[in-house]
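First residue of the sequence shown? That's 2 in my numbering, and the numbers climb one at a time after it. Each residue gets a CB set at the ideal place from its N, CA and C atoms; glycine is no exception.
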Amino acid sequence: PCDLVGIDGATVRALDLRQLVAWVSDAESKSAALSGVREHDAVVEAALSTGVTPLPARFGQRFADDDACVAGIGREARAVSRLLGAMQGLVEMTLILAPSTKRV
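In structure tokens:
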């Protein structure tokens, strides 16, 4: 990803996992990860714009460092690959629910 930014404006970079690629960025604190929903969504949208259906990570998922991320995804590589195959051609939709201001 060129010039793509994630949570708190951190640069998004690609981690090569042999047959998979993970787009990641560094979050300085736990609170940063909790406030970056829009940034996370923008990265997912950027991935989708490449013409390949991405498999977004759970929002706020954290790893101690790149090696831990690679190891964690590596443990689930078969399942992730199967999910990616099943999801190709599909689009992730974002649903926002808010309390109604209409009185009944």
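Buried or exposed (CB count within 10 angstroms, at least 16 for buried), residue i
{"i": "Val-92", "result": "exposed"}
{"i": "Gly-37", "result": "buried"}
{"i": "Glu-40", "result": "buried"}
{"i": "Ile-97", "result": "exposed"}
{"i": "Ala-80", "result": "exposed"}
Cβ-Cβ distance between residue i and residue j below 9 angstroms
{"i": "Gln-89", "j": "Thr-54", "result": "yes"}
{"i": "Ala-15", "j": "Val-6", "result": "no"}
{"i": "Val-13", "j": "Val-44", "result": "yes"}
{"i": "Leu-18", "j": "Ala-78", "result": "yes"}
{"i": "Val-25", "j": "Asp-68", "result": "no"}
{"i": "Ala-28", "j": "Arg-63", "result": "yes"}
Pick from the options that is closest to residue i, judged by C-alpha positions
{"i": "Gly-86", "options": "Glu-77, Ile-97, Gly-73 and Leu-56", "result": "Leu-56"}
{"i": "Glu-46", "options": "Ser-82, Thr-95 and Ala-28", "result": "Thr-95"}
{"i": "Ala-48", "options": "Ile-74, Asp-4 and Gly-10", "result": "Asp-4"}
{"i": "Gln-20", "options": "Ile-8, Arg-83 and Lys-103", "result": "Arg-83"}
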